[in-house]
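Working notes for the structure below.
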Amino acid sequence: MISPYSDLPSRNFWRGAISGRSPETVSGLWQPKFHFAPDTRFATAGSCFAQHISRYLRARNATVVDLEPGPPALSAVNAAKYGYRIYSARYGNIYTVRHLLQLTEEALGRFAPSDAVWERDGRFFDAMRIGVEPEGLPSADAVRRHRQQHLVQVRRLFAKADVFVFTLGLTEAWTHRESGTVYPTAPGTIAGSHRPDMYAFRKFDFLEVHKDFVKFRRLAMKLNPELKFLLTVSPVPLAATASDKHVLVATTYSKSVLRAVAGTLADEFENVDYFPSYDLLSGAFTRGAFHSEDARQITEPGVEAVMRIFFEAQPALARVSIPATAGKPDESRAAGRTPEGPAAEAVCEDILLDAFSR
Amino acid sequence: MIRIALLGNSHLYSWKRAWDSLGKAYPDVEFVFFAAPGAQMKSCEPRGDRLVFTSEDVARSIEITSGGQSELVAADYDAFCVVGMGSGMNAVIQPYLGWRADSHRGEEGRFQLVSDACFQDIVSDWLKASPAMALVGKLRQITDKTIWLAPTPARSEIVLTFDESPDSIQIATAAADAPSLRAAYDEACRRLATENLIVLEQPKATLASPLLSKNEYRYPSWTKPDWQHLNDAYGRIVVREFLSRFQPSLGDRSAGESSDRLLRLADPILGALRNTISQLWTRRRFKSLTTGGKEAGWPGSSSA
Chain L
257 MISPYSDLPS RNFWRGAISG RSPETVSGLW QPKFHFAPDT RFATAGSCFA
307 QHISRYLRAR NATVVDLEPG PPALSAVNAA KYGYRIYSAR YGNIYTVRHL
357 LQLTEEALGR FAPSDAVWER DGRFFDAMRI GVEPEGLPSA DAVRRHRQQH
407 LVQVRRLFAK ADVFVFTLGL TEAWTHRESG TVYPTAPGTI AGSHRPDMYA
457 FRKFDFLEVH KDFVKFRRLA MKLNPELKFL LTVSPVPLAA TASDKHVLVA
507 TTYSKSVLRA VAGTLADEFE NVDYFPSYDL LSGAFTRGAF HSEDARQITE
557 PGVEAVMRIF FEAQPALARV SIPATAGKPD ESRAAGRTPE GPAAEAVCED
607 ILLDAFSR
Chain U
587 MIRIALLGNS HLYSWKRAWD SLGKAYPDVE FVFFAAPGAQ MKSCEPRGDR
637 LVFTSEDVAR SIEITSGGQS ELVAADYDAF CVVGMGSGMN AVIQPYLGWR
687 ADSHRGEEGR FQLVSDACFQ DIVSDWLKAS PAMALVGKLR QITDKTIWLA
737 PTPARSEIVL TFDESPDSIQ IATAAADAPS LRAAYDEACR RLATENLIVL
787 EQPKATLASP LLSKNEYRYP SWTKPDWQHL NDAYGRIVVR EFLSRFQPSL
837 GDRSAGESSD RLLRLADPIL GALRNTISQL WTRRRFKSLT TGGKEAGWPG
887 SSSA
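Listed below in structure tokens is the structure:
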């Protein structure tokens with residue numbers, strides 16, 4: 257009798273592929289659809305976990321497009337503070353696919369966000385990328401001028417890249433009740449103030465996330481028909497949920513939707529691939545080896561394990577020598593904090609939500 | 587006897603020339619110069635209580651400029667002063683070419699908009715990343731004594747008479763926001779100043795405008811015009827300022843005016859002609875570059 261499993265490779269079997277292995281040695285997790293060359297141009301965006309991918313690509317001297325580069329002398333701390341060297345432009349974290357779609361439509365002049373300037377203590381903030389100027393700007397007009405300049409770069413981005421790497425982070429978002437504009441952070445967290453008559457909580461389901469990405473892909477490919485998309489899902493749990501569910505239940509739902517959408521898109525489109533960082537970092541088999549004490553943050557060894565798999569599957573990039581620091585702040589590594597603490601340098605506005613936790 | 591080690595690059599020229607004439611007025615002070623061109627001084631490293639020079643070229647320069655020293659032993663000096671080495675107005679002009687703050691008025695060129703806070707942090711980081719501050723960091727590893735930083739002085743205003751030079755274009759671009767750029771630079775210097783690092787700002791009297799030194803202090807090069815370096819007249823002002831701040835009891839001791847006079851006598855007609863022409867040019871350029879003559883409020887300005 258022949259079993260349909262008998263000729264399958266060892267990676268198809270939990271025993272051997274996972275059990276009996278330390279999570280650091282799991283391999284063959286990704287069979288990429290496309291192989292990158294040393295001169296492949298990557299654009300990166302997404303939730304805060306995407307920052308690590310960008311960081312490791314840069315550390316490998318891979319070509320990461322940066323259309324709003326910071327000054328070369330800017331320290332790592334200040335670069336992160338002002339949203340430089342994190343993604344391919346200063347759009348900050350993009351947690352939801354709807355936000356990504358909005359940004360692209362806005363850059364193309366097809367969308368104008370409502371209530372896009374928030375105020376705090378007489379300073380004005382770009383509600384769509386609230387973290388990039390932490391002290392705000394002197395006027396709403398200044399915010400609009402900065403944003404217009406930023407959008408010009410976003411418009412150029414897709415034509416400048418070969419691969420668009422996007423990490424799907426959340427399915428929950430706060431929206432402008434009347435127009436549906438999605439914000440990356442809840443009003444009142446960093447700036448603005450929460451007004452229930454004006455803002456509404458929104459939870460995107462599978463179909464909505466999928467549809468948004470399909471629309472986004474179509475727009476991006478109008479600007480660059482050859483563009484490829486590499487999707488990942490952030491393994492970082494929700495800091496807080498505004499739904500009526502327990503945060504763990506909300507997290508599981510959110511990540512399941514995102515993982516399923518990413519997988520479906522990769523099955524559906526030839527130019528979309530899924531890189532399984534989430535799968536490695538969220539499995540019980542890691543026994544917490546890659547998580548901080550609160551089980552929320554991914555530690556540097558976790559990021560390293562993921563990126564090892566990435567580069568193993570991309571030999572052309574792997575050949576580029578990797579700097580010892582892998583692009584993370586020297587201070588934290590020198591102080592030996594990285595193995596225990598959260599992975600270096602990620603800028604996550606949702607950490608602020610912790611301040612509101614009881 | 588107070589022994590002071592002065593470390594730096596070609597901007598030590600004005601200090602050395604000044605000290606040659608001023609030194610005798612300060613018999614209780616000794617300057618020892620450790621100089622190497624450009625950023626070559628980065629080829630040094632702290633070892634125990636001393637700074638050793640790790641490239642042959644630098645070691646040779648140090649031996650010549652210090653009068654035979656092969657290394658700097660911290661215990662031999664009462665204070666240290668780092669001069670020049672990329673710590674000047676470039677820290678604000680270079681960022682300005684690519685990044686502009688909300689308060690900036692200049693529209694010329696391609697630049698990214700940032701907040702004033704961001705621009706200030708950019709300037710501060712630029713200054714912190716200068717070879718001068720790298721050297722300060724190395725010195726700090728070998729001594730707890732006070733370290734001074736005498737930043738690279740502003741370019742001479744004669745630069746504006748050379749329309750095609752990149753320096754001239756940069757200064758012209760920055761002219762619209764000169765006062766605010768100076769303020770950002772001064773703030774960056776203030777941020778550098780910690781208890782054990784004292785920044786010796788360029789004396790206001792030597793500035794023609796927020797970004798430029800007066801032409802009378804420019805280095806008198808006979809071959810190619812030099813707007814980067816200043817002369818011994820400038821050196822005397824800055825050395826006196828340094829010594830009076832270093833130890834108020836040293837006060838202002840007049841000496842060595844003969845050197846300055848000699849220099850001026852050596853260049854009587856050509857120098858005067860150059861000065862007149864360049865000042866006329868500078869006045870014209872400033873008038874056309876500034877809107878409403880806002881630079882006029884700058885203290886000590888003679889050209890705005």
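Which chain is which? The protein sequence lines are L and U, in order. For what it's worth, the working numbering labels the leading residue of the first sequence as 257, then goes sequentially. For what it's worth, the working numbering labels the leading residue of the second sequence as 587, then goes sequentially. By construction, the Cβ of each residue, glycine as well, lies at the ideal position given by its N, Cα and C atoms. From a predicted model like this one, the values you see are computed outputs, not experimental measurements.
{"Query": "Taking the continuous alpha helix (DSSP H) assigned at glutamate 560 of chain L, which residues delimit it?", "Result": "556-569"}
{"Query": "So, for alanine 764 of chain U: in the same chain, excluding its five sequence neighbours on each side, which residues have a beta-carbon less than 7 Å away from its beta-carbon?", "Result": "Ser795, Pro796, Leu797, Glu881"}
{"Query": "DSSP beta-bridge partners for cysteine 630 of chain U?", "Result": "U:Phe639"}
{"Query": "Taking the straight line between their C-alpha atoms, what separation do you get for alanine 398 of chain L and aspartate 688 of chain U?", "Result": "7 Å"}
{"Query": "Specify whether the stretch 386-406 of chain L and the stretch 368-378 of chain L touch according to this definition: at least 3 beta carbon pairs, one from each stretch, less than 8 Å apart.", "Result": "yes"}
{"Query": "Kindly provide the ranges of any alpha helix (DSSP H) runs that are 4 or more residues long and lie completely inside the stretch 355-437 of chain L, ordered along the chain.", "Result": "396-416"}
{"Query": "CA-CA distance, aspartate 614 of chain U and alanine 774 of chain U?", "Result": "33 Å"}
{"Query": "Rounding to the nearest angstrom, what Cα-Cα distance links serine 600 of chain U and glycine 594 of chain U in this structure?", "Result": "12 Å"}
{"Query": "Which residues in the same chain as glutamate 464 of chain L place their Cβ atom closer than 8 Å to its Cβ, once the five residues preceding and following it in sequence are excluded?", "Result": "Arg354"}
{"Query": "Tell me where the alpha helix (DSSP H) around cysteine 704 of chain U begins and ends.", "Result": "702-714"}
{"Query": "Using a beta-carbon distance cut-off of less than 7 Å, what residues from the stretch 321-333 of chain L approach chain U?", "Result": "Glu324, Pro327, Ala329, Leu330, Ser331"}
{"Query": "Of all the options L:Ile350, L:Phe485, L:Arg366, which has the alpha carbon lying nearest to the alpha carbon of glycine 425 of chain L?", "Result": "L:Ile350"}
{"Query": "What does a CB cutoff of less than 8 Å around leucine 357 of chain L pick up in its chain, not counting 5 residues either side in sequence?", "Result": "Asp468, Phe469, Lys471, Phe472, Leu475"}
{"Query": "May I ask you to list, following chain order, the residues of the stretch 676-690 of chain U that have a beta carbon less than 7 Å from some beta carbon of chain L?", "Result": "Pro681, Gly684, Trp685, Asp688"}
{"Query": "Listed from N- to C-terminal order along the chain, which residues in the stretch 618-638 of chain U have their beta-carbon within a distance smaller than 9 Å of any beta-carbon of chain L?", "Result": "none"}
{"Query": "With DSSP as the reference, please indicate the residues paired to cysteine 667 of chain U in a beta bridge.", "Result": "U:Leu592, U:Trp734"}
{"Query": "Check distances from the C-beta atoms of the stretch 710-731 of chain U to those of chain L and list, in chain order, the residues that come in under 9 Å.", "Result": "Ser710, Asp711, Trp712, Leu713, Lys714, Ala715, Ser716"}
{"Query": "Using 9 Å as the limit for Cβ to Cβ distance, is proline 532 of chain L near chain U?", "Result": "no"}
{"Query": "Have a look at histidine 815 of chain U and phenylalanine 639 of chain U and give me their C-alpha separation to the nearest angstrom.", "Result": "25 Å"}
{"Query": "Just how far apart, CA to CA, sit serine 510 of chain L and isoleucine 342 of chain L?", "Result": "24 Å"}
{"Query": "Could you list which residues in chain U have their beta carbon closer than 9 Å to that of proline 394 of chain L, in chain order?", "Result": "Asp688, Ser689, Ser701, Asp702"}
{"Query": "Between tyrosine 338 of chain L and chain U, is there a C-beta pair that is closer than 9 Å?", "Result": "yes"}
{"Query": "Kindly list, in the order they appear in chain U, the residues whose Cβ is closer than 7 Å to that of glutamate 391 of chain L.", "Result": "Ser701, Ala703"}
{"Query": "So which residues on chain U does alanine 398 of chain L lean against when the C-beta distance must stay under 9 Å?", "Result": "Asp688, Leu699, Ser701"}
{"Query": "Among the residues of its own chain, which have a CB less than 6 Å from the CB of arginine 768 of chain U, if the five just before and after it don't count?", "Result": "Pro796"}
{"Query": "Would you kindly work out how many angstroms separate the C-alpha atoms of alanine 677 of chain U and methionine 671 of chain U, rounded to a whole number?", "Result": "11 Å"}
{"Query": "Which of the three DSSP states is assigned to lysine 289 of chain L in this structure?", "Result": "coil"}
{"Query": "Can you tell which of L:His291, L:Ala518, L:Arg552, L:Ala293 has its C-alpha closest to the C-alpha of valine 503 of chain L?", "Result": "L:Arg552"}
{"Query": "Answer with buried or exposed for lysine 800 of chain U, where buried requires no fewer than 16 other C-beta atoms within 10 angstroms of its C-beta.", "Result": "buried"}
{"Query": "For phenylalanine 832 of chain U versus alanine 665 of chain U, is the C-beta distance shorter than 9 Å?", "Result": "yes"}
{"Query": "What is the DSSP secondary structure of glycine 302 of chain L, counted as helix, strand or coil?", "Result": "strand"}
{"Query": "For my contact list, alanine 536 of chain L and alanine 495 of chain L are in at a C-beta cut-off of 8 Å; report their separation, rounded to the angstrom.", "Result": "According to the sequence as given, residue 536 of chain L is leucine; it is not alanine. About 22 Å separates the two Cβ atoms, so there is no contact after all."}
{"Query": "Name the two residues that bound the continuous alpha helix (DSSP H) containing arginine 515 of chain L.", "Result": "503-524"}
{"Query": "Does the beta-carbon of histidine 450 of chain L have 16 or more other beta-carbons within 10 angstroms, so that it is buried, or is it exposed?", "Result": "exposed"}
{"Query": "Closest to histidine 406 of chain L by C-alpha separation, out of L:Pro288, L:Glu324, L:Thr281, would be which residue?", "Result": "L:Glu324"}
{"Query": "Mark tyrosine 534 of chain L as exposed unless 16 or more other C-beta atoms lie within 10 angstroms of its C-beta, in which case mark it buried.", "Result": "buried"}
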